[in-house]
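Asks: Numbering (the numbering used here), first residue to last: 1 to 59.
Just so you know, even glycine gets a beta-carbon here, dropped at the ideal spot from N, CA and C.
All of these numbers come straight from a predicted model, not from anything done at the bench.
1) Helix, strand or coil, according to DSSP, for residue 16 in the structure here?
2) According to DSSP, is residue 9 helix, strand or coil?
3) Go through its chain and collect everything with a Cβ distance to residue 33's Cβ below 7 angstroms, but skip five positions before and after it.
4) Among 10, 30, 20, whose alpha-carbon lies nearest the alpha-carbon of residue 56?
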């Protein structure tokens, strides 16, 4: 699920999780799918650098 940063604090769906259950996830790459179900692999050009994704942890 992707959320827009501009409204994440206001949306009921994400509000409590955004405040209390957020974290940074270190990665070297990630996949994103488009509507045609094609996946794209994103990686950092500098292989020595780690990317950090903002995530909400809800278990």
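Replies: In terms of the structure at hand:
1) Reduced to three states, the DSSP call for residue 16 is helix.
2) Of the three classes helix, strand and coil, the one that applies to residue 9 here is coil, per DSSP.
3) Same-chain partners within the cutoff: 39.
4) Between residue 56 and the set 10, 30, 20, the nearest pair of CA atoms involves 20.
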